[in-house]
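Report on one structure; see the data block that follows.
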Amino acid sequence: MQENRLVLITGATSGIGAATARLLARHGFRLILCGRRAHRLENLQEELGGLTPLKTLCFDITRREEVEAAYNSLPPEWQKVDVLINNAGNAHGLDLIHQGQWADWEAMIDLNLKGLLYITRLVVPGMVERGRGHVINLGSIAGQDPYPGGNVYGATKAAVDMLTRGMRMDLYDKGVKVSVIQPGMVKTEFSLVRFKGDEARARAVYEGCDPLLPEDVADLILYMLQAPDRVNLAEVLILPKTQASVRLIAKR
Ligand code: NAP
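In structure tokens form, the structure reads like this:
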């Protein structure tokens, strides 16, 4: 497989997206890195720009016009994306259903589902035209295994699973692979976002656990990209050794 494929990663400014950007840059993939935090994108440009051709796009994926404007600002050669990693996503809040906040629910649906669709709709037509491409969606164990307070987040991730299967049916005969990764617990900024910047509460999530690191998921993504073209790792659940379900986590 060519290692100079052009990979667009959403949510590249932290966690799984940033680790994937670093790993793929070292392997010579050309990169388009996306996120809202401009200074982090600038830092990535500085850190990785010497390793591989790289562009950054700063936009809010929940705003369709912004997504379109950012993508359309790319030179035509940079719009020929070979791999789309639909990684941007977060949980907002952990409220029980009767106490949930509208703003949290809307943020998760707009980000995890609508944002994924906005960028996919822009990138995938070119893949179909060229008869090749790979879309990797970031789902979650939470899309299969519900937990108290995980209601809307889990629903958006279940939707990502179903969307992945539907996309595969639309694209399997057009040269485009569609895969989903369902991680268990990964130590990223995920909990900090979920608890709205409450560092103590976010830290407590991982205390005494041995969660996955974002680099572990990046390794999986590289493995998926390096597999022979005939192979599609279509649905991959990746867990820490010490996790058996969302809530069944062995503590030290
Ligand atoms: P993270 O460290 O919080 O990273 C989330 C990324 O999404 C950031 O780069 C953030 O960038 C981007 N993002 C958030 N809102 C955005 C918006 N409105 N527009 C554009 N970009 C936005 O979390 P992570 O753990 O790496 O999460 C990556 C994916 O893995 C998500 O889809 C998540 O649901 C999934 N996942 C995570 C875990 C886990 O335990 N960590 C488990 C299962 C699945 P900006 O803030 O710069 O925009």
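Quick note: to get this note's numbering, add 58 to the position in the sequence shown (first position is 1). All residues carry an ideal CB built from backbone N, CA and C; glycine is no exception.
>> For Ser131, report the span of its beta strand (DSSP E) as first-last.
In response: Run containing Ser131: none; DSSP gives neither H nor E here.
> So, is Arg179 buried or exposed, given that buried needs 16 or more other C-beta atoms within 10 angstroms?
Replying inline: exposed
> Is any heavy atom in the ligand NAP found nearer than 6 Å to the beta carbon of Asn101?
Replying inline: no
> Contact check, Gly207 vs Leu152 under 8 Å by CB: the rounded distance?
Replying inline: 4 Å
>> Looking at the ligand NAP, does it come within less than 6 Å of Gly158, judged from the CB to the closest heavy atom?
In response: no
> What span of residues does the beta strand (DSSP E) with His192 cover, start to end?
Replying inline: 191 to 196
> With a Cβ-Cβ cutoff of 7 Å, do Lys172 and Gly197 count as a contact?
Replying inline: no
> Between Gly10 and the ligand NAP, is the CB less than 6 Å from at least one heavy atom?
Replying inline: The structure shown has nothing for residue 10, since the chain only spans 59 to 310.
> Should the region 275 to 287 be regarded as contacting the region 209 to 223, the criterion being three or more beta carbon pairs within less than 8 Å?
Replying inline: no
>> Which residue wins for smallest C-alpha separation from Cys267, given the options Ile307, Glu257, Gly69, Leu91?
In response: Ile307
>> Just to confirm the assignment, what range does the alpha helix (DSSP H) spanning Pro272 have?
In response: 272 to 284
> Would you say the beta carbon of Asn148 comes nearer than 6 Å to a heavy atom of the ligand NAP?
Replying inline: yes
> Does the beta carbon of Ser237 fall short of 6 Å from some heavy atom of the ligand NAP?
Replying inline: no
>> Under 8 Å, with one C-beta from each stretch per pair, do the region 188 to 196 and the region 251 to 259 reach the 3-pair mark?
In response: no
> Which runs of the alpha helix (DSSP H), 4 residues or longer, sit entirely within the region 73 to 110?
Replying inline: 73 to 84, 96 to 106
>> Quick check on the burial criterion: 16 or more other C-beta atoms within 10 angstroms. Buried or exposed for His156?
In response: exposed
>> Please report the straight-line C-alpha distance between Arg329 and Gln159, rounded to a whole angstrom.
In response: With the chain running from 59 to 310 in the structure shown, residue 329 is simply not present.
>> I'd like to check one pair, Leu99 with Val65: are the Cβ atoms closer than 7 Å?
In response: no
>> Between which residues of its own chain and Gln301 is the CB-CB distance below 7 Å, once the five residues before and five after are set aside?
In response: Gly242, Met243, Ile307
> Comparing alpha-carbon positions, which option in Leu297, Thr68, Arg305 lies nearest Tyr176?
Replying inline: Thr68
> Taking the alpha-carbon positions, what's the Gly75 to Asn145 distance?
Replying inline: 6 Å
>> To the nearest angstrom, how far is the alpha carbon of Gly184 from that of Asp219?
In response: 23 Å
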